[in-house]
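The structure appears right after this line, and notes come after that.
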Amino acid sequence: MKVGMLTGGGDCPGLNAVIRAVVRKGVFHYHDEFVGFLEGWRGLIEDNSMPLDLDAVSGILPRGGTILRTSRTNPSKRPDGLDRCIATIGKHKIDALVAIGGDDTLSVAQKLHEKGIKVIGVPKTIDNDLGGTDYTFGFDTACNVVCEAIDRVHTTAEAHNRVMVVEVMGRDAGWIALYSGIAGGADVILIPERPFDVDKVAESIRQRHERGRYFSIVVVAEGAKFSSEGSGSPILQDMGKDEFGHAKLGGIANILAREIEKRTGFETRAVVLGHIQRGGSPSAFDRVLATRYGLGAIDMVHREEYGCMAALRSNKIVSIPLKEAIAKNRVVDNEMIQIVDGLFEEIGVKEAAGK
Ligand code: F6P
87 MKVGMLTGGG
97 DCPGLNAVIR
107 AVVRKGVFHY
117 HDEFVGFLEG
127 WRGLIEDNSM
137 PLDLDAVSGI
147 LPRGGTILRT
157 SRTNPSKRPD
167 GLDRCIATIG
177 KHKIDALVAI
187 GGDDTLSVAQ
197 KLHEKGIKVI
207 GVPKTIDNDL
217 GGTDYTFGFD
227 TACNVVCEAI
237 DRVHTTAEAH
247 NRVMVVEVMG
257 RDAGWIALYS
267 GIAGGADVIL
277 IPERPFDVDK
287 VAESIRQRHE
297 RGRYFSIVVV
307 AEGAKFSSEG
317 SGSPILQDMG
327 KDEFGHAKLG
337 GIANILAREI
347 EKRTGFETRA
357 VVLGHIQRGG
367 SPSAFDRVLA
377 TRYGLGAIDM
387 VHREEYGCMA
397 ALRSNKIVSI
407 PLKEAIAKNR
417 VVDNEMIQIV
427 DGLFEEIGVK
437 EAAGK
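FYI, the numbering for the sequence shown is 87 to 441, going by my numbering.
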């Protein structure tokens, strides 16, 4: 078969491991031929591609980013975008397309599937919030990066008697904040799922310091919201939106640090980890997970499970409808919040919630 492949949306460590696994199994076991479309859906709209053979995927397993590069191009927002994608697929005589991406990329895959294109999805998002799958690759690496950063911030916080507020990725879901906050021993974890009361956060820090501690670590997801802001809107970097309608988040750590310092009188600093979380080499866990997704995806191509996505469920790679995966984000649920709250004496993920 001739199989096309693309990576769309924000990058994350492990994309190259998926590409490598798809190509290796496709070539070794199915005698497939591959074409890589460059920069997400833009590659199909503009007919920009590269051959993907064993040589092209050699040595890419430990590399971050994606050899196919990526973009947040939305064909539905471009004149004749979807039709141009279909025309390029026809021109290259592509039998099946493997789309590696998050809910935005996969929603385009679903649209193309509805127009008769044979598409298989592979779940990707650093935020770990794609529906239908237990984990997405890249998340583990991000948590390791953040955990190391928190460890480093700990020592300087301790040396200076400071409160340090660490801002991490997580637009709608607080998985990175929650996991890395637990792993890094944070004193307060703030996630988008639960708007927080800044007075309660400050009070918990004050009480901790009264108990004899003289520094604190707060981990906050970029999409976390102040409950006092009324509408519960996240903090935006600017008013611009990408082609899928997402605003650029960021800046909550600086605002929160200021408010904590104002309320407690403790010297407070903000650290924004940003794209450092998405860069660099994937962890061993993510290399294995991404490889398993890739192997699962090429098997699905040959089982003709089109319109489906490879998913991890109970540590098995299974096939689920794309529709199910994109239906809703997998956010941190109450049960998880309650479990984590057991770690905190006065205030935790739950207690910080304004409602
Ligand atoms: O969607 C994943 C994500 O990493 C979010 O956590 C973050 O808000 C966004 O991408 C950043 O996007 P960009 O790379 O376009 O700045």
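From the three backbone atoms N, C-alpha and C, an ideal C-beta is built for every residue, glycine too. Remember, predicted model here, so these are calculated numbers, not experimental data.
Evaluate contact between the segment 306-322 and the segment 331-342, counting only Cβ atoms and requiring at least three cross-stretch pairs below 8 Å.
yes
Helix, strand or coil for T191 per DSSP?
helix
Under 7 Å from any heavy atom of the ligand F6P, does the C-beta of L335 make it?
Yes, the ligand F6P has a heavy atom inside 7 Å of this Cβ.
Between which two residues does the alpha helix (DSSP H) containing S290 stretch?
V284 to E296
Is R416 near the ligand F6P, going by C-beta to nearest heavy atom under 7 Å?
no
Anyone know if the C-beta pair for E421 and S405 falls short of 8 Å?
no
Taking the continuous alpha helix (DSSP H) assigned at Q424, which residues delimit it?
N420 to D427
Is there at least one non-hydrogen atom of the ligand F6P closer than 7 Å to the beta-carbon of D213?
Yes, since a heavy atom of the ligand F6P falls inside the 7 Å radius drawn around the Cβ of D213.
For R238 and A162, the rounded distance between their alpha carbons
Note that residue 162 corresponds to Ser in the displayed sequence, not to Ala. Each residue's Cα considered, the two are about 44 Å apart.
Per DSSP, which residues does A397 bridge with? Please list them.
V404
Quick one: measure Cβ to Cβ for M250 and R355, integer angstroms, because I've assumed they're closer than 8 Å.
5 Å
Distance, Cα to Cα, G365 vs V232?
12 Å
Is the beta carbon of G94 less than 8 Å from the beta carbon of G224?
no
With H, G and I counted as helix, E and B as strand and the rest as coil, what does DSSP make of I262?
helix
Three-state secondary structure (DSSP) at K88?
Three-state DSSP puts K88 in a strand.
Give me the Cα-Cα distance between F301 and F430, rounded to the nearest whole angstrom.
16 Å
Can you tell me whether H361 sits near the ligand F6P, meaning its C-beta is under 7 Å from at least one heavy atom of the ligand?
yes
Around the Cβ of G100, are there at least 16 other Cβ atoms within 10 angstroms (buried) or fewer (exposed)?
buried
Would a check of beta-carbon distances place D220 closer than 8 Å to chain D?
Of the chains in the structure shown, none is chain D; there is only one protein chain.
Report the rounded CA-to-CA distance for H115 versus H246, giving the unit in angstroms.
Straight-line Cα distance between these residues: approximately 59 Å.
Would K204 and L183 be called neighbours here (beta carbons separated by less than 8 Å)?
yes
Where do the N-terminal and C-terminal ends of the beta strand (DSSP E) with V357 fall, by residue?
Counted as a single uninterrupted DSSP element, the beta strand (DSSP E) harbouring V357 occupies residues T354 to V358.
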